[in-house]
């Protein structure tokens, strides 16, 4: 007797059968999901494209949003974005000087891209960072080379979000390395301080650290010293990032076999050169993926500075919809802002996944 | 010798910095004429709190106001943890579905909600809730449920003593069922014969409470909400602030929990599942005895940190106007200027919550952890 021919196992039909309609319950799920998806997409298309208003006339009293109010509920009002996007991106930075803030944003993005490429991972990168941060500071403040001086109180929008996140990570990183080493130190007092710092900060929400920075720092400083609100928030953010990064780095330190320490000891290396030349390079390499994941969280967390009245990306957008003409168009604004946050975080998250595969290559057989 | 030098140096720096900060604080507080100490807790707060789980009026003391805030924090954190765990588990399992469309949609959910700041999501949900119609034109999908810009209203049972007895009977039944199920499992593992547990479960958890209901004659009456001109009377109304906060916390954290659950399930090696099939275990028993116990060991530690995050994230309540401990303490701070004491109280409350969650979860973790030789 002949065996029956083997069934076709490739091609689109076979794929559909295997992945979408392999049992009656799967078929039901697929159909329900397709219907929901179709309805949702149709609604979004109708609301966001077909019925949407893209721009409104501007009169002497500012923009006239009557056209938007007429379609509210059935159509999106993207005019709020076209009218206010510069405020959302740069906050109260002087209008004519916003090109400087734009260059700062581009510099930051360039910095991220360069730091993400493995072939640039060498000591010179630290120099590039220092130079770029100096340039960013010069551009933001101005006051030299004929640039108009802009005080910190006028910084805002995306530029501020990137400053808070990047400076936060850049300063918290070395701090975190010291704390992580301190937590594993043989000196009890130093270990005790580091444990206390990490556990205290991780036990409380970032929002309370920000409140503390905004109400308690002025109390803790000597008479007459008045730290800027932005600087206070930045300090709180650095302390917060530092505690979380220290735990990630500690994980990397713990993962190193004891033999590495013993070998360094046998070579007669001191504590600091052991760590600098042997331990840290390996430990940091091990924890790059969780580090990137933490950076994503930090980037999102900077939005909390809104509660102490700093005009970062999210806060500036909220201020924009506080205007009488744009009240009630919050959803459109949040979608726009969400898109910006998503672009940054999604890029980082995809990068982290790629890196994980790449870094684990040598372990594959 | 070097050890001592380093430590003394560190100690001197720490003590120096702290005494400098405390000295400054004392000088500043003296200059501003703010009383220090916790005496203010007994004074009248005078701040209105819309949502309170215990009786509260603005004439009550600061202490009571702070307790109300703490209970509000615990309330939203508790429901957040419960609901996010359920939703997250469902999504995590669905991500592993053989159905391509379902798996892809669920990973899109995870990617999308993980990469947006929680604060932004809270604002978005709150804005959408505020866009709902007023009470008069409330959305009324099924009888007794009203969705308006005042929040979500739904009917509750008109509670009476007989209901409490029924509930007690059900809880006792539940405990007895768990004990008997455990005993049955142990016996099955001893002699290899499987026993059905459902008859005992039905008897204890359904028949027993039902008997209580019938003998006591518990009336079944619902307290239905009814929309008045500006407000809704009767039933239970969940405020838009609470609803937006809870919804945001659940949607956001479920995305993270889904990833934790997925990685836990995937960590169970395929050989284990094949081995249990080879032993002739039913697939439900494979899940119960082979996959879940091993997956839980991977799931519980990161899940603990996620619960801690959720509890801390509930502090974002202050941004959308739900009065949790942070919100009430900052209002009090603006009223009486006692920032140091109030910040200390907030930190104390969160540290206690964090430590309690950690302790509970570590206890659980110790029970399920791998027992090594």
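Residue numbers (the working numbering), protein chains in the order written: chain A, 38 to 402; chain B, 726 to 1098. For glycine and all other residues, C-beta sits at the position ideal for the given N, C-alpha and C.
Determine which residues share a DSSP beta bridge with residue i and list them.
{"i": "residue 948 of chain B", "result": "B/881"}
{"i": "residue 873 of chain B", "result": "B/876"}
{"i": "residue 786 of chain B", "result": "B/769"}
{"i": "residue 961 of chain B", "result": "B/879"}
{"i": "residue 114 of chain A", "result": "A/90"}
Would residue i pass as a contact of residue j if the rule is Cβ separation under 8 angstroms?
{"i": "residue 964 of chain B", "j": "residue 775 of chain B", "result": "yes"}
{"i": "residue 824 of chain B", "j": "residue 78 of chain A", "result": "no"}
{"i": "residue 1093 of chain B", "j": "residue 1033 of chain B", "result": "no"}
{"i": "residue 1049 of chain B", "j": "residue 947 of chain B", "result": "no"}
{"i": "residue 325 of chain A", "j": "residue 214 of chain A", "result": "no"}
{"i": "residue 117 of chain A", "j": "residue 335 of chain A", "result": "no"}
{"i": "residue 1086 of chain B", "j": "residue 986 of chain B", "result": "no"}
{"i": "residue 798 of chain B", "j": "residue 1030 of chain B", "result": "no"}
{"i": "residue 966 of chain B", "j": "residue 1047 of chain B", "result": "yes"}
{"i": "residue 251 of chain A", "j": "residue 330 of chain A", "result": "no"}
{"i": "residue 880 of chain B", "j": "residue 869 of chain B", "result": "yes"}
{"i": "residue 805 of chain B", "j": "residue 1035 of chain B", "result": "yes"}
{"i": "residue 1057 of chain B", "j": "residue 772 of chain B", "result": "yes"}
{"i": "residue 270 of chain A", "j": "residue 345 of chain A", "result": "yes"}
{"i": "residue 1075 of chain B", "j": "residue 245 of chain A", "result": "yes"}
{"i": "residue 151 of chain A", "j": "residue 165 of chain A", "result": "yes"}
{"i": "residue 75 of chain A", "j": "residue 90 of chain A", "result": "no"}
{"i": "residue 216 of chain A", "j": "residue 234 of chain A", "result": "yes"}
{"i": "residue 125 of chain A", "j": "residue 276 of chain A", "result": "no"}
Which class does residue i belong to by DSSP, given the choice of helix, strand or coil?
{"i": "residue 100 of chain A", "result": "strand"}
{"i": "residue 1091 of chain B", "result": "helix"}
{"i": "residue 402 of chain A", "result": "Any reading at residue 402 of chain A must be qualified, since the residue scores a pLDDT of 49, below 50, and its modelled position is unreliable; the value itself is stated next. Residue state, collapsed to three classes: coil."}
{"i": "residue 840 of chain B", "result": "coil"}
{"i": "residue 338 of chain A", "result": "helix"}
{"i": "residue 779 of chain B", "result": "coil"}
{"i": "residue 922 of chain B", "result": "coil"}
{"i": "residue 982 of chain B", "result": "helix"}
{"i": "residue 916 of chain B", "result": "helix"}
{"i": "residue 120 of chain A", "result": "helix"}
{"i": "residue 864 of chain B", "result": "strand"}
{"i": "residue 774 of chain B", "result": "coil"}
{"i": "residue 358 of chain A", "result": "coil"}
{"i": "residue 317 of chain A", "result": "helix"}
{"i": "residue 744 of chain B", "result": "helix"}
Flag residue i as yes when its Cβ comes closer than 7 angstroms to any non-hydrogen atom of the ligand SAM, and as no otherwise.
{"i": "residue 841 of chain B", "result": "Because no ligand of any kind appears in the structure shown, any question about the ligand SAM cannot be addressed here."}
Under 7 angstroms Cβ-Cβ, which residues of chain B neighbour residue i?
{"i": "residue 49 of chain A", "result": "In chain order: nothing, as chain B lies at least about 12 angstroms away."}
{"i": "residue 258 of chain A", "result": "749"}
{"i": "residue 195 of chain A", "result": "Ordered by position in chain B, no residue passes the 7 angstroms Cβ test against residue 195 of chain A, which lies about 13 angstroms from the chain."}
Kindly list, in the order they appear in chain A, the residues whose Cβ is closer than 9 angstroms to that of residue i.
{"i": "residue 732 of chain B", "result": "224, 225, 226, 227"}
{"i": "residue 1090 of chain B", "result": "What residue 1090 of chain B touches in chain A: nothing, since even the nearest Cβ is about 17 angstroms away."}
Residues of chain A with a CB under 7 angstroms from the CB of residue i: which are they?
{"i": "residue 1056 of chain B", "result": "Near residue 1056 of chain B there are no residues of chain A at all, since even the closest Cβ is about 12 angstroms away, more than 7 angstroms."}
{"i": "residue 804 of chain B", "result": "By Cβ distance, chain A contributes nothing, its closest Cβ being about 18 angstroms from residue 804 of chain B, past 7 angstroms."}
{"i": "residue 735 of chain B", "result": "226, 227, 230"}
{"i": "residue 739 of chain B", "result": "230"}
{"i": "residue 920 of chain B", "result": "None at all; the shortest Cβ gap to chain A is about 29 angstroms."}
{"i": "residue 884 of chain B", "result": "Correct list: empty, because the minimum Cβ distance to chain A is about 35 angstroms."}
{"i": "residue 1084 of chain B", "result": "Neighbours of residue 1084 of chain B on chain A: none; closest Cβ ~13 angstroms, over 7 angstroms."}
{"i": "residue 754 of chain B", "result": "256"}
Along chain B, in chain order, which residues have C-beta atoms closer than 8 angstroms to that of residue i?
{"i": "residue 114 of chain A", "result": "Chain B residues near residue 114 of chain A: none, gap ~13 angstroms exceeds 8 angstroms."}
Chain A partners of residue i, CB-CB under 8 angstroms?
{"i": "residue 1038 of chain B", "result": "242"}
{"i": "residue 1051 of chain B", "result": "242, 244, 245, 248"}
{"i": "residue 1043 of chain B", "result": "244, 344"}
In chain C, which residues lie with their C-beta within 8 angstroms of the C-beta of residue i?
{"i": "residue 823 of chain B", "result": "Chain labels in this structure do not include chain C; the protein chains are A and B."}
So residue i contacts chain B; which residues on that side make the cut at Cβ distance below 9 angstroms?
{"i": "residue 386 of chain A", "result": "836, 839, 840"}
Taking a Cβ distance cut-off of 9 angstroms, strictly less, list which residues of the segment 831-855 of chain B are near chain A, in chain order. 836, 837, 839, 840, 841, 842, 843, 844, 845, 846, 848, 849, 851, 852, 853, 855
Any residues in the segment 261-290 of chain A with a beta carbon nearer than 7 angstroms to a beta carbon of chain B? Which ones, in chain order? none
Can you give me, in chain order, the residues of the segment 1059-1081 of chain B that have a beta carbon less than 7 angstroms from any beta carbon in chain A? 1064, 1065, 1068, 1071, 1072, 1075, 1076, 1079
Positions along the segment 958-991 of chain B whose CB lies within less than 9 angstroms of some CB in chain A: none
Members of the segment 90-119 of chain A that neighbour chain B once the beta carbon cut-off is set at 7 angstroms: none
Residues within the segment 865-880 of chain B neighbouring chain A, beta-carbon criterion of under 9 angstroms: none
Select from the segment 785-813 of chain B all residues with a C-beta closer than 7 angstroms to any C-beta belonging to chain A, and list them in chain order. none
Note down, in chain order, all residues in the segment 64-90 of chain A with a beta-carbon under 8 angstroms from any beta-carbon belonging to chain B. 66, 67, 70, 71, 74
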